[in-house]
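Enquirer: Residue numbering for the sequence shown follows my numbering, starting at 7 and increasing by one per position.
Positions of the beta carbon are idealized from the N, C-alpha and C atoms, including for glycine.
Take this structure, written in structure tokens, and hold onto it; I'll ask about it next.
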Amino acid sequence: MMNLHAGDTKQSVETKWRDGVYPANFLKFGENKNDMELQIDGLVDGSITSEKIPVLHDVEGLRKRSRTHVQEEAISEAVELQQSKRQKLAVIKRCRNLTEQSILSKVKELCELSLVRATMRNKLNSALKAVKCEKMQ
């Protein structure tokens, strides 16, 4: 039920009426300007409710459906945002895993190189000792 108890409500409705915001079939609730003014006055002072003017009752229904639509859109956007966050987190985790794996592979590679170097060093030291022993004899 719509009771219009606002100071500038009448002026707002009249402005919309005058400026042609309401479609032609809307004029049925106030066929002439006098009827319209009486009904607007009644709405503003509360003596007439929107239920007595079917077209305004329809407008209330549209407004409620519009509010529901806006709420559904907000919920939909929130769900999309959550899904987007989940996808971003999954990508970050994958990148972390890849980074960790690449770091581990580099460490293994360096360890293998150091093992090779150590082995080479041991072989060279053995060869050097052998050469020294031969020279001494």
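Just the Cα atoms here: how many angstroms apart are residue 73 and residue 86?
Expert: For the purposes of this step, residue 73 is taken as residue 67 along the sequence shown, with counting starting at 1. For the purposes of this step, residue 86 is taken as residue 80 along the sequence shown, with counting starting at 1. Answer to the nearest angstrom: the Cα atoms are 20 Å apart.
Enquirer: Which of the three DSSP states, helix, strand or coil, is assigned to residue 52?
Expert: For the purposes of this step, residue 52 is taken as residue 46 along the sequence shown, with counting starting at 1. Of the three classes helix, strand and coil, the one that applies to residue 52 here is coil, per DSSP.
Enquirer: Any idea what DSSP makes of residue 107, helix, strand or coil?
Expert: Counting from one through the sequence shown, the residue named residue 107 turns up at place 101. Looking at residue 107 - three-state DSSP - the assignment turns out to be helix.
Enquirer: I need the straight-line Cα distance from residue 104 to residue 113, nearest angstrom please.
Expert: Here residue 104 refers to the residue found at position 98 when the sequence shown is read from its first residue. Here residue 113 refers to the residue found at position 107 when the sequence shown is read from its first residue. So the two alpha carbons sit approximately 14 Å from each other.
Enquirer: Taking the C-alpha atoms as reference points, what is the distance between residue 96 and residue 123?
Expert: Within the sequence shown, the letter at position 90 stands for residue 96. Within the sequence shown, the letter at position 117 stands for residue 123. Their backbone Cα atoms lie some 40 Å apart in a straight line.
Enquirer: If we count the other Cβ atoms within 10 Å of its Cβ and call it buried at 16 or more, is residue 109 buried or exposed?
Expert: The residue labelled residue 109 in the question sits at position 103 within the sequence shown. Looking at its Cβ environment, which holds fewer than 16 other Cβ atoms inside 10 Å, residue 109 is exposed.
Enquirer: Could you give the DSSP three-state label for residue 143: helix, strand or coil?
Expert: Along the sequence shown, one-based indexing puts residue 143 at 137. Three-state DSSP puts residue 143 in coil, outside helix and strand.
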